[in-house]
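Enquirer:
There are 2 protein chains.
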Amino acid sequence: MTKYAFGVDIGGTTVKLGLFDQDGNILDKWEIPTVKENGGEKILPDVAESILEKMKEKCIAKNKVAGVGIGAPGAVDDDGYMCNGAVNLGWKPLNVREIMEDILGVPVKANNDANVAAFGEMWQGGGKGYRNLVAVTLGTGVGGGIIVNGQILTGANGAGGEIGHIHIEDHEPEACGCKKKGCLEQYASATGIVRLAKRRLAEDDKASVLRDGEVSAKTVFDAVKAGDEVAIEIAERFGEYLGKGLAAIANVVNPEVFVIGGGVSKAGEILLQYVKPSFAKYVFTPCANVTFALAQLGNDAGIVGAAGLILGR
Amino acid sequence: MTKYAFGVDIGGTTVKLGLFDQDGNILDKWEIPTVKENGGEKILPDVAESILEKMKEKCIAKNKVAGVGIGAPGAVDDDGYMCNGAVNLGWKPLNVREIMEDILGVPVKANNDANVAAFGEMWQGGGKGYRNLVAVTLGTGVGGGIIVNGQILTGANGAGGEIGHIHIEDHEPEACGCKKKGCLEQYASATGIVRLAKRRLAEDDKASVLRDGEVSAKTVFDAVKAGDEVAIEIAERFGEYLGKGLAAIANVVNPEVFVIGGGVSKAGEILLQYVKPSFAKYVFTPCANVTFALAQLGNDAGIVGAAGLILGR
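Written out as structure tokens, the structure is:
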């Protein structure tokens, strides 16, 4: 009997949903708004209702649903419990798995959204074929997901892979969003690159296309591609920090592959050119044999990985 | 039927062996010399012979041996293969498990010695009751072993948990044994503490008991206990570095407990006092809830953990 799975990626603005066949093909995908009023109490019931509607629409009986996988923005333990809730959703502590299984009557698995996206990239994306993988998401912040022997490294409190807050610089005057100073996220995120760029531009008057118009991670890497010397210096500083952070991670978990995703990774292969030399400089030699790949699933990584919690091995 | 297991800890000078009952009690322990001539070709046959002799002596039939666990000084993958051999033993690449199973005819498991010791501390020592643990060995160097969900984090090349070579200081003039600069091991090992001490003593003429006689990790912490101000400064610098390194590790794998062992840890609880504040300063808050414990098994951690590979869960 053909089985189906649903993948759910709960974000602060929208919830992404996907219907998958047992081979992991996306049969349908759609979004619903994330209703955060009253402590986000409608979010999970809304998701459940949307899944039940889709089952009706597609004539999928409950016994044909292998399960529902869910990625949520916060620490989720292996049982599906979020001991700190989810700030972005207004959630107090709750058990995502229990609540959804009670409503849906099918097996549910939940994990942190970054971990789930990492699992997706291993199952169907840039890390396909690997079993020991670290996914690095360079977006507004820096997130991470770690897969060891094909399993998500959830951590004791569901906070495994919080690589954005590894301390990487002893002489940082400004505080990170986490209130500490010198976190990887302060240099390797989209906003971090803008900070590095503004600092570099303030150092002297050297000509650069970055002096005209708004500076963003995209304009920096576009300027790098155009050979802008100041932009290249900025990319070198970015690469120095990110490579140093990834070397520390490699020494701890010894992965086969780093899969780099998130908005900043749209710069493409050129980004990796700036990371690899620094990584090689800082990594312990026995852990140095790592492949660098770009993420391939984009915004679908969350729903694919969530379905993978049910269907993947 | 009562079953037995053997635990083997292969070191550069001696091989430690232990006979265990199925509940993990040590029934007997002994050592044999590590014969490193001719690429260490006699080491594994010597170990096998010693085990077979012990079985004869104790009247233990082969079908009563649940297996033999082995810790070896180098990277060992999950199959027992050492792709880099073992420098300290003279070994070229070889498969420890295969060789020993061929001679002994009982199940054999092998892993890196630091990982095995970590497993031992989880199973019977300072980390008993925990399933997510990082063992930190502060000896001549700094070694580590990581347990995730009760399983050793071996890593892609068997080099998981190589925490001694996390880059921790950007302004280090001297090279580490690994040839890079600024590794955790350069500050938190027994030799690292001596380096920190000598540097501090050279800074000024402030009175200290450390100015008389040889400086070692032991004399530093003895002086700390006696209230020596210079020694306290040295311990603070040591704690700053080690806490920073452990914070990076906690952000990556989110353990429940750090188990601190090795010669330096003989200083006792006072050592933890210097590590915890720095750890708290650098760790990402969701990963901060970690217990610090001292290792309990001492030199037996290797044989206990090796037996645990067979008997533990």
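If you're matching them up, the sequences are chains A and B in order. Mapping the first sequence onto my numbering, position 167 (from 1) lands on 173, and the numbers just tick up by one. Mapping the second sequence onto my numbering, position 209 (from 1) lands on 215, and the numbers just tick up by one. Cβ coordinates follow ideal geometry from the N, Cα and C atoms, glycine included.
1. If the cut is a Cβ gap below 9 Å, which residues of chain A does ILE57(B) touch?
2. Expressed to the nearest angstrom, what Euclidean distance is found between the alpha-carbon atoms of ASN4(B) and ILE255(B)?
3. Return the CA-CA distance between ILE32(B) and LEU25(B), expressed in angstroms with no decimal places.
4. Among the candidates VAL93(A), VAL112(A) and LEU216(A), whose CA atom is the shortest distance from the CA of ASP234(A)?
5. Three-state secondary structure (DSSP) at LYS115(A)?
6. Taking only beta carbons into account, state which residues of the segment 284-314 of chain B come closer than 7 Å to chain A, listed in chain order.
7. Can you tell me which of the three DSSP states THR143(B) falls into?
8. Could you check if ALA208(A) is buried or exposed, using at least 16 other CB atoms within 10 Å of its CB as the buried criterion?
9. Could you tell me whether the Cβ of LEU159(B) comes closer than 9 Å to any Cβ of chain A?
10. Say whether chain A places a C-beta atom closer than 9 Å to the C-beta of VAL82(B).
11. Beta carbon of ALA194(B), beta carbon of LEU248(B): below 9 Å?
12. Spatial neighbours of ALA81(B) within its chain, please: C-beta separation below 7 Å, excluding the five flanking residues on both sides.
13. Which runs of the beta strand (DSSP E) at least 3 residues long sit entirely within the segment 60-121 of chain A? Give them in chain order.
14. CB-CB under 7 Å to VAL263(A), same chain, minus the five flanking residues each way: which ones, in chain order?
15. When DSSP labels each residue in this structure, what does CYS189(B) get in the three-state scheme?
16. Report yes if the CB atom of PHE244(A) is closer than 9 Å to the CB atom of TYR280(A), and no otherwise.
17. Give the interface partners of VAL122(A) over in chain B, defined as CB-CB distance under 9 Å, in chain order.
18. Report the option in ILE38(B), GLY17(B), LEU23(B) and THR19(B) whose CA atom is closest to the CA atom of ALA11(B).
19. Whose C-alpha, out of VAL114(B), GLY188(B), PHE290(B) and ASP15(B), is nearest the C-alpha of LYS68(B)?
20. Could you check how far apart the C-beta atoms of GLY170(A) and GLU178(A) are, in whole angstroms? I think they sit under 8 Å.
21. So if I threshold CB-CB distances at 9 Å, which residues from the segment 243-271 of chain A count as touching chain B?
22. In angstroms with no decimal places, state the Cα-to-Cα distance between GLY308(A) and ALA181(A).
23. When the distance is taken between beta carbons, is LYS250(B) closer than 9 Å to PHE285(B)?
24. For the pair the segment 68-78 of chain A and the segment 29-45 of chain A, tell me if three or more CB-CB distances fall below 8 Å.
25. In this structure, how does DSSP classify GLY45(B) when only helix, strand and coil are distinguished?
26. When you compare only the Cα positions, how much space is there between CYS214(B) and PRO292(B)?
27. Taking beta-carbon pairs under 9 Å, can you tell me which members of the segment 173-186 of chain B lie near chain A?
28. Sort ASN260(B), ASP306(B), ARG205(B) and GLY131(B) by Cα distance to VAL236(B) and report the nearest one.
29. Can you tell me whether GLU246(B) is buried or exposed, with buried defined as 16 or more other CB within 10 angstroms of its CB?
30. For MET7(B), count neighbouring C-beta atoms within 10 Å of its own C-beta (all shown protein chains included) and say buried if the count is 16 or more, exposed if not.
31. Pick from GLU220(A), LEU202(A), SER271(A) and THR225(A): whose alpha carbon is nearest that of GLU2(A)?
32. How many angstroms separate the CA atom of GLY77(B) from the CA atom of THR160(B)?
33. Going by beta-carbon coordinates alone, are ALA116(B) and MET128(B) separated by less than 9 Å?
34. Going by beta carbon distance, what residues of the same chain come within less than 7 Å of LYS98(A), once the five residues before and after it are set aside?
35. Could you tell me which chain B residues have their CB closer than 7 Å to the CB of ILE169(A), listed as they occur along the chain?
36. One question on the structure: do ILE199(B) and VAL270(B) come within less than 9 Å of each other, judged by their Cβ atoms?
Expert: Concretely, from the data shown:
1. Residues of chain A passing the Cβ test: none, with the nearest at roughly 29 Å.
2. Because residue 4(B) is not part of the residues shown, which for chain B are 7 to 319, the question remains open.
3. Roughly 6 Å separates the two Cα atoms.
4. LEU216(A)
5. Three-state DSSP puts LYS115(A) in a strand.
6. TYR288, PHE290, THR291, PRO292, CYS293 and ASN295
7. strand
8. exposed
9. Interface residue, yes.
10. no
11. Yes. Within cutoff.
12. Contacts found: MET88, CYS89, ASN90, ASN118, ASN163, GLY164 and ALA165.
13. 71-78 and 114-118
14. Closer than 7 Å at Cβ, skipping near neighbours: GLY133, TYR136, LEU139, VAL296, THR297 and ALA299.
15. strand
16. The beta carbons of PHE244(A) and TYR280(A) sit closer together than 9 Å.
17. Within 9 Å Cβ-Cβ: nothing; VAL122(A) doesn't reach chain B, min ~16 Å.
18. LEU23(B)
19. Taking only the C-alpha atoms, the option nearest LYS68(B) is VAL114(B).
20. Actually they are not in contact, since the Cβ atoms of GLY170(A) and GLU178(A) sit about 14 Å apart, beyond 8 Å.
21. LYS250, GLY251, ALA253, ALA254, ILE255, ALA256, ASN257, VAL258, VAL259, ASN260, PRO261, GLU262 and VAL263
22. 29 Å
23. Their beta carbons are under 9 Å apart, which means PHE285(B) touches LYS250(B) by this criterion.
24. The segment 68-78 of chain A is not in contact with the segment 29-45 of chain A.
25. DSSP places GLY45(B) in helix when its eight states are reduced to three.
26. According to the sequence shown, residue 214(B) is Ser rather than Cys. Going by the C-alpha atoms only, they are around 40 Å apart.
27. Per Cβ criterion, the list reads HIS173, ILE174, GLU175, ASP176, HIS177, CYS184, LYS185 and LYS186.
28. Closest in alpha carbon position to VAL236(B), among ASN260(B), ASP306(B), ARG205(B) and GLY131(B), is ARG205(B).
29. buried
30. exposed
31. Not covered by the structure: residue 2(A). The range shown for chain A is 7 to 319.
32. 12 Å
33. It is not a contact, given that the beta carbons lie outside the stated cut-off.
34. Excluding sequence positions up to five before and after LYS98(A), its CB lies within less than 7 Å of the CB of GLY45 and GLY91, all in the same chain and listed in chain order.
35. ASN257 and VAL258, listed in chain order.
36. yes
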